[in-house]
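For the protein sequence lines, the chains are A and B, in the order given. Note that the first sequence ends on residue 149 in our numbering; no numbers are left out. Note that the second sequence ends on residue 149 in our numbering; no numbers are left out. Every residue, glycine too, gets a C-beta built ideally from N, C-alpha and C. Presented below is the structure to which this report refers.
2 protein chains.
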Amino acid sequence: MRNQGPEMEIVHLLRAVTVELGLHSARFASHNGMHPTDVRALIELMDASRADEEMTAGRLGTALGLNSAGTTSLLDRLEGAGHVRRVRGRQDRRKVVVEVDERAVELGWSFFGPLIGKAVELLQNCDEREREAIRGFLEGMREASAGGE
Amino acid sequence: MRNQGPEMEIVHLLRAVTVELGLHSARFASHNGMHPTDVRALIELMDASRADEEMTAGRLGTALGLNSAGTTSLLDRLEGAGHVRRVRGRQDRRKVVVEVDERAVELGWSFFGPLIGKAVELLQNCDEREREAIRGFLEGMREASAGGE
DNA sequence: CGTATTATCTCGCCGAGCGAGATATTCGAC
DNA sequence: GTCGAATATCTCGCTCGGCGAGATAATACG
């Protein structure tokens, strides 16, 4: 075994959390007749909407690692289920702006809201230095795993 | 917007980390002609091997959320690529014990080792109280997202 | 204007994973 | 012991998400 310090327990915890979050999404998906990709798309769309950014078909596909054909069928599914609307771009009419339906947003919050609430609660029971440690660790892991094609 | 405290930044960081780790796995997969599920299986197998537990076909499939047919084709792929061997169970000859090839383990470490190294490094720069805060946050999130079918 | 570029869509196809059922092995009741 | 139920895995046929190639439509640029 390469390492058996007390740090490894936290490394495995992080992996366990990512696995559990993935399974949580999968449960949300199957309870609503959606596919994992649809859920990821919904999250991406809600995120963009919160940041007041327009999300186009192309940007969404890139964010999810889909090619244009896959993106089209993803949007067909989401639109067919009534979760999003396709709207032609105003100034650039080639683009398709994807608008999330309000009920889909509510659906998403009903499933992920409690989780976020729990996270906020955990963090509010920390002092500033502890929060900074958590932020630093997550930020470091994000940088380490991010990056290049 | 439901909440805009400083806690939300960390919540989004956690989500970003899970997304990045997922993309990291996907890169590993495509660089090695594997599918995301194959990588998840490999991690599960390495984990079991580290804990000195036998991993059977059925347990693996359950852990990954596959049914028996999907599990069989997963093992066919992994065995065809030389990453695992099927060995009939000793006392219960219905079972198929899955053994990971040593080279597949090395391959996995070459990709995920640096990430683990970075995590250990980050954690070693923390004092005990900060590490405890990180552990507590991750543990809490795991519990909140875990749970029941 | 005409040509290159960009954004999306259509078509045909591949293959991961599912459901149903077959096969082989073990356990339990009598 | 032996016969039927339970268990572990595999086979077959199929569905459908996602890919590659190329069509279509709108924009940018010389």
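{"Check": "Threonine 62(B), buried or exposed, once every other Cβ within 10 Å from all chains shown has been counted against 16", "Outcome": "exposed"}
{"Check": "Residue of Arg93(B), Ala69(B), His83(B) and Leu64(B) minimising C-alpha distance to glutamate 102(B)", "Outcome": "His83(B)"}
{"Check": "Min CB distance valine 39(B) to chain A below 8 angstroms", "Outcome": "no"}
{"Check": "CA-to-CA distance, alanine 29(A) to proline 36(A), given in whole angstroms", "Outcome": "6 angstroms"}
{"Check": "Rounded straight-line distance, which links the Cα of alanine 69(A) to that of glutamate 149(B)", "Outcome": "Note on glutamate 149(B): pLDDT 40, under 50, position unreliable in the model; no value is reported."}
{"Check": "Span separating the alpha-carbon of serine 145(A) from that of alanine 119(B)", "Outcome": "10 angstroms"}
{"Check": "Cβ separation of arginine 142(B) and leucine 13(A), assumed to be a contact under 8 angstroms, to the nearest whole Å", "Outcome": "7 angstroms"}
{"Check": "Top-ranked residue by Cα proximity to alanine 81(B), from Val97(B), Asn125(B) and Asp38(B)", "Outcome": "Asp38(B)"}
{"Check": "Residues in the region 64-76 of chain B having any Cβ partner in chain A nearer than 8 angstroms", "Outcome": "Gly65"}
{"Check": "Test: phenylalanine 137(A) CB closer than 8 angstroms to a CB of chain B", "Outcome": "yes"}
{"Check": "Cβ neighbours of alanine 16(A) in the same chain (closer than 8 angstroms, five flanking residues each side left out)", "Outcome": "none"}
{"Check": "Counted within 10 angstroms of its Cβ, other Cβ atoms place serine 25(A) as buried (16 or more) or exposed", "Outcome": "buried"}
{"Check": "8 angstroms Cβ cutoff, glutamate 130(A) in contact with chain B", "Outcome": "yes"}
{"Check": "Proximity test, Cβ basis, 8 angstroms: histidine 24(B) and chain A", "Outcome": "yes"}
{"Check": "For glutamate 53(B), three-class secondary structure by DSSP", "Outcome": "coil"}
{"Check": "Own chain residues within Cβ distance below 8 angstroms of proline 6(A), not counting five before or after", "Outcome": "none"}
{"Check": "Supposed close pair glutamate 99(B), arginine 77(B) - CB separation, criterion 8 angstroms", "Outcome": "At roughly 16 angstroms, the Cβ-Cβ gap does not stay under 8 angstroms, so glutamate 99(B) and arginine 77(B) are not in contact."}
{"Check": "Proximity of isoleucine 116(A) and leucine 138(B) at Cβ, strictly below 8 angstroms", "Outcome": "no"}
{"Check": "Identity of the residue in Arg131(A), Val19(A), Val97(A) and Val96(A) nearest glycine 65(B) by Cα", "Outcome": "Val19(A)"}
{"Check": "Proximal residues of chain A, C-beta to C-beta of serine 145(B) below 8 angstroms", "Outcome": "Val17, Glu20, Leu21, Leu23, His24 and Leu115"}
{"Check": "Segment limits, alpha helix (DSSP H) that includes arginine 27(A)", "Outcome": "7-31"}
{"Check": "Where arginine 129(A) falls, given that 16 or more other Cβ within 10 Å makes a residue buried", "Outcome": "exposed"}
{"Check": "Buried versus exposed call for arginine 131(B) [16 or more other C-beta atoms within 10 Å across all chains shown]", "Outcome": "buried"}
{"Check": "Span of the beta strand (DSSP E) around arginine 88(B)", "Outcome": "84-88"}
{"Check": "Same chain, Cβ closer than 7 angstroms to alanine 57(A), five either side skipped, listed in chain order", "Outcome": "Thr71, Leu75, Val96 and Val98"}
{"Check": "Span separating the alpha-carbon of methionine 8(B) from that of leucine 60(B)", "Outcome": "35 angstroms"}
{"Check": "Supposed contact pair leucine 45(B) and methionine 55(B) - C-beta distance, whole angstroms, cut 8 angstroms", "Outcome": "6 angstroms"}
{"Check": "Span of the alpha helix (DSSP H), counted from its first residue to its last, around glutamine 91(B)", "Outcome": "Looking at the DSSP string, glutamine 91(B) is not in any alpha helix (DSSP H), and its letter there is neither H nor E."}
{"Check": "Short CB-CB distance (under 8 angstroms) between leucine 122(B) and chain A", "Outcome": "yes"}
{"Check": "Sequence-distant residues of the same chain with beta carbon closer than 7 angstroms to arginine 40(A), five excluded per side", "Outcome": "Leu64"}
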